[in-house]
Amino acid sequence: MTESSLTDLASCACFNLRRAARQLSQVFDATLRPSGVSGGQFSLLAVLRAAKGRSVRLSDLASRLGLDRTTLTRNLHLAEREGWVSVERSDQDRRERLVTLTEAGAAAFERALPYWREAQAQAVRQLGAGGLEQLLDLTGRLRSDPA
Numbered sequence: 013m014t015e016s017s018l019t020d021l022a023s024c025a026c027f028n029l030r031r032a033a034r035q036l037s038q039v040f041d042a043t044l045r046p047s048g049v050s051g052g053q054f055s056l057l058a059v060l061r062a063a064k065g066r067s068v069r070l071s072d073l074a075s076r077l078g079l080d081r082t083t084l085t086r087n088l089h090l091a092e093r094e095g096w097v098s099v100e101r102s103d104q105d106r107r108e109r110l111v112t113l114t115e116a117g118a119a120a121f122e123r124a125l126p127y128w129r130e131a132q133a134q135a136v137r138q139l140g141a142g143g144l145e146q147l148l149d150l151t152g153r154l155r156s157d158p159a
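Numbered by our numbering, the letters in the sequence shown go through residues 13 to 159 in order.
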């Protein structure tokens with residue numbers, strides 16, 4: 013790799029954002045570990061919890077989580093195996109799958125929530141004063157479909 017390409021990589025928005033995301037994910041995963049829920053699983057459970065008992069279409073869930081359907085399907089298999097979600101075909105459109113948080117999933121979310129709060133506080137401390145607001149502003153600008 014040439015000096016120029018190293019400089020290009022060091023200033024690459026995608027490289028730096030992905031690297032920071034991996035580091036932050038490690039903080040959340042490590043802090044959440046005692047709960048038995050990973051950072052990615054917590055996000056899935058949180059989105060389903062916000063649906064307040066209603067089923068969520070797989071395509072909508074993928075959009076809310078910022079995941080492609082293939083990645084979400086893999087994650088759902090793991091959550092389904094844990095008994096945290098149920099995945100059913102829609103009665104109206106058999107091609108569409110609906111995802112629902114189970115009682116076990118709600119319990120896993122509640123068990124993980126204090127650990128998530130600690131990870132969030134740790135992230136805010138690392139980002140410094142105003143850092144979270146700046147991060148949310150920047151990532152909001154990067155999303156093509158603001159949530």
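The beta-carbon is built from N, C-alpha and C at its ideal position, and this holds for glycine as well.
Please classify residue i as buried or exposed, where buried requires at least 16 other C-beta atoms within 10 Å of its C-beta.
| i | result |
| --- | --- |
| F27 | exposed |
| L154 | exposed |
| P158 | Below a pLDDT of 50, predicted positions are generally treated as unreliable, and P158, at 49, falls in that range; the measurement from the model is reported next regardless. With fewer than 16 other Cβ atoms within 10 Å, it is exposed. |
| V29 | First, the residue type needs correcting, since residue 29 is Leu and not Val in the sequence shown. It is exposed - the Cβ of L29 has fewer than 16 other Cβ atoms within 10 Å. |
| L60 | buried |
| A22 | exposed |
| L73 | buried |
Between the Cα of residue i and the Cα atoms of the options, which residue gives the shortest distance?
| i | options | result |
| --- | --- | --- |
| A62 | R30, T112, A91 and A124 | T112 |
| G152 | D105, Q134 and G78 | G78 |
| S67 | E130, T114 and L150 | T114 |
| S71 | L110, S55, S23 and R106 | L110 |
| R137 | D149, V39, A25 and A22 | V39 |
| A58 | L29, W96 and D80 | W96 |
| F54 | R106, L125 and Q134 | L125 |
Checking 7 Å against the spacing of the C-beta atoms, do residue i and residue j come in under that value?
| i | j | result |
| --- | --- | --- |
| G52 | L44 | no |
| R69 | E108 | yes |
| L88 | V99 | yes |
Inspect the CB distances between the stretch 31-46 and the stretch 113-121 and report whether three or more fall short of 8 Å.
no
Threshold first: 4 residues or longer. Then list the alpha helix (DSSP H) segments lying entirely within the stretch 43-85, N to C.
51-62 and 70-77
Would you check if the stretch 91-100 and the stretch 139-154 touch, i.e. whether three or more CB-CB distances between them fall below 8 Å?
no
Mind listing, in chain order, the continuous alpha helix (DSSP H) runs of no fewer than 4 residues lying wholly within the stretch 104-152?
115-139
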